[in-house]
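The sequence shown begins at 1 in the UniProt record's numbering and counts up by one. Backbone N, C-alpha and C define an ideal beta-carbon position, used for all residues, glycine too. Here the structure is a predicted model, which means the values were calculated and not measured. Below is one structure, written out as structure tokens, with a few remarks after it.
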Amino acid sequence: MKMLRFRSPSIRSLDQEILCTIRLLDDSEISCSIQRDTKGQFLLDHVCNHYNLLEKDYFGIRYVDPEKQRHWLEPNKPVVRQMKSQQPYTMCFRVKFYPHEPMKIKEELTRYLLYLQLKRDIYHGRLLCPFAEAAYLGACIIQAELGDYDPEEHPSDYIRDFKLFPKQSLKLERKIMEIHKNELRGQCAALAELNMLQRAHSLETYGVDPHPCKDFTGSTAFLGFTATGFVVFQGNKRIHLLKWADVSKLKFEGKTFYVIGIQKEKKLVLTFHTSTPAACKHLWKCGVENQAFYKCAKSSQIKTVSSSNIFFKGSRFRYSGRVAKEVIEASSKILREPPEVRRYGQVTDHLHSFTIIQSFKTALQSVLLMIFQSPVWSESNPCASMLPTPVDDGQGGAERERDRAYERTRQAARSRMSGVLTSSLRLLSSNERVNACVLSMARFIAVVMGVLLVTVPMLLLLLESDIDVSFLHEIRQTPEFEQFHYEYYCPLRRWILCKISMAMENIWSD
């Protein structure tokens, strides 16, 4: 009987369906249901089937555990065993291995997805760009999104509402417009995206997913893995590049990560310290996978790697998948008709309406960022920037952006409450005996009430409604909004409901 009691719940649990939500590169989402024994490869195949994607080996699914540590979903293990967070599960579809030569990608669809990933890398500061390169990459994005410059459709500041870089100065925007107007005319979206990939892949931080750590001196460093090898950055400067052929072993012990290799015919041991053992293990697994993908000629050459030496028990891990050479060879054999590429957010004929929506969205996001911004999410979000800002030309870009956000917020509030404010102020100013101090105080109160009447309903709309509008959806996915929702709003709502429930019980008991 004990055996029956033990086995019966486990059999029923295998049939239990679990909801998984996967955020795509264009910030849209798809969902599916899995069972407890479903492996990670099922989710990756589900996303690739959604896109009709064949060159799927460059991509992976990333998730964040409750301790804010990022992980790549392993395809050969059950999803439930890997996920430590509560159901339903939320993950992100991202580029895992950046192609060494984007020109060898066979299908336009694959190049478009890589283009979307690089847009994210630029926006979050992972792809460091000198000023000239930043301007060209920004112009390629504008050409892909808007098409040719048209003075009748595009206002003088049409770049303003495109947030391309963490710090976007006026000087950079002018240079982007200059290149867009003069150098990229006639390029279709696919060609502009390809030009962007070609220019981006020549940068030092192309494909670098930065892992923050400390070196042996205690200085902050960022480690990364590329198609060329293992790289180390301090600030904006690359201080180490160890090619994969020269890397003999990667290992970790606790929070210490070791890179053992050969440089100038001498043994080299690089030591780094991460913030947690989980971060160190994730760094090690990323290194093992990248080394196998880019270095091995065949997947049959991949071996199981141990994190320690033969005398001590350590973690064992093996990359399961095809290597870069096999992927390129398989791509060259694709003979099907190219699938349709549905580009997200491209605007050519409706620039005016797009600009209005973009302005309102930017203003609302600015309000949320100013109120709820927290540094915790800069390390936990899979898309967060960990490297310093790539573009800074000394023109006060950050200050100008804050002024701009404030002005947009004020204009949005005024436009919604113009009737109320106008009638109130007219009533107050019609009385000549009203004291100037009282009038100014009344104006201040009216403005505050106007802002509250706009922001509070909008916050309730975002927090409580299920309206699926594109710009509301994007705001809901921002780390600052999610932190506010789960750490402040949900506890406050539970507390209020608890108080109401207690009060109602007291009333009924009396």
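Reduced DSSP secondary structure (H/G/I, E/B, other) of residue i
{"i": "residue 503", "result": "helix"}
{"i": "residue 147", "result": "coil"}
{"i": "residue 370", "result": "Any reading at residue 370 needs caution, since the residue's pLDDT is 48, under 50, leaving its predicted position unreliable; the model's value is listed next. In this structure, residue 370 counts as helix in the three-state DSSP scheme."}
{"i": "residue 457", "result": "helix"}
{"i": "residue 130", "result": "coil"}
{"i": "residue 141", "result": "helix"}
{"i": "residue 196", "result": "helix"}
{"i": "residue 511", "result": "Nothing about residue 511 can be reported from this structure: the residues present for the chain run from 1 to 510 only."}
{"i": "residue 249", "result": "strand"}
{"i": "residue 158", "result": "coil"}
{"i": "residue 38", "result": "coil"}
{"i": "residue 363", "result": "Its pLDDT being 49, under 50, residue 363 is placed unreliably by the model, and nothing is read from it."}
{"i": "residue 243", "result": "strand"}
{"i": "residue 493", "result": "helix"}
{"i": "residue 165", "result": "coil"}
{"i": "residue 316", "result": "strand"}
{"i": "residue 438", "result": "helix"}
{"i": "residue 26", "result": "coil"}
{"i": "residue 47", "result": "helix"}
{"i": "residue 462", "result": "helix"}
{"i": "residue 443", "result": "helix"}
{"i": "residue 498", "result": "helix"}
{"i": "residue 299", "result": "helix"}
{"i": "residue 451", "result": "helix"}
Where the alpha helix (DSSP H) through residue i begins and ends
{"i": "residue 259", "result": "Premise fails: residue 259 lies in the beta strand (DSSP E), 256-263, not in any alpha helix (DSSP H)."}
{"i": "residue 288", "result": "277-295"}
{"i": "residue 331", "result": "324-332"}
{"i": "residue 231", "result": "That residue, residue 231, is in no alpha helix (DSSP H); its beta strand (DSSP E) goes 229-234."}
{"i": "residue 71", "result": "Where residue 71 is concerned, there is no enclosing alpha helix (DSSP H), although the beta strand (DSSP E) it sits in stretches over 70-72."}
{"i": "residue 81", "result": "79-82"}
{"i": "residue 529", "result": "Look at the range of the chain in this structure, 1 to 510, and you will see that residue 529 is not part of it."}
Start and end residues, beta strand (DSSP E) containing residue i
{"i": "residue 179", "result": "Here residue 179 belongs to no beta strand (DSSP E); instead the alpha helix (DSSP H) covers 170-182."}
{"i": "residue 220", "result": "220-225"}
{"i": "residue 61", "result": "59-64"}
{"i": "residue 486", "result": "Careful: residue 486 lies outside any beta strand (DSSP E) and carries neither H nor E."}
{"i": "residue 89", "result": "89-95"}
Straight-line gap, residue i to residue j (C-alpha atoms, nearest Å)
{"i": "residue 506", "j": "residue 496", "result": "15 Å"}
{"i": "residue 255", "j": "residue 279", "result": "8 Å"}
{"i": "residue 438", "j": "residue 445", "result": "10 Å"}
{"i": "residue 182", "j": "residue 101", "result": "27 Å"}
{"i": "residue 131", "j": "residue 178", "result": "14 Å"}
{"i": "residue 28", "j": "residue 326", "result": "31 Å"}
{"i": "residue 20", "j": "residue 476", "result": "17 Å"}
{"i": "residue 261", "j": "residue 151", "result": "56 Å"}
{"i": "residue 113", "j": "residue 250", "result": "30 Å"}
{"i": "residue 263", "j": "residue 17", "result": "52 Å"}
{"i": "residue 478", "j": "residue 121", "result": "16 Å"}
{"i": "residue 458", "j": "residue 465", "result": "10 Å"}
{"i": "residue 146", "j": "residue 110", "result": "21 Å"}
{"i": "residue 333", "j": "residue 319", "result": "24 Å"}
{"i": "residue 25", "j": "residue 500", "result": "42 Å"}
Buried versus exposed call for residue i [16 or more other C-beta atoms within 10 Å across all chains shown]
{"i": "residue 94", "result": "buried"}
{"i": "residue 156", "result": "exposed"}
{"i": "residue 490", "result": "exposed"}
{"i": "residue 210", "result": "buried"}
{"i": "residue 99", "result": "buried"}
{"i": "residue 23", "result": "buried"}
{"i": "residue 239", "result": "exposed"}
{"i": "residue 74", "result": "buried"}
{"i": "residue 484", "result": "buried"}
{"i": "residue 83", "result": "buried"}
{"i": "residue 63", "result": "buried"}
{"i": "residue 504", "result": "exposed"}
{"i": "residue 514", "result": "Look at the range of the chain in this structure, 1 to 510, and you will see that residue 514 is not part of it."}
{"i": "residue 49", "result": "exposed"}
{"i": "residue 70", "result": "buried"}
{"i": "residue 76", "result": "exposed"}
Opposing strand residues paired with residue i [DSSP bridges]
{"i": "residue 273", "result": "214, 256"}
{"i": "residue 31", "result": "21"}
{"i": "residue 238", "result": "233"}
{"i": "residue 268", "result": "261"}
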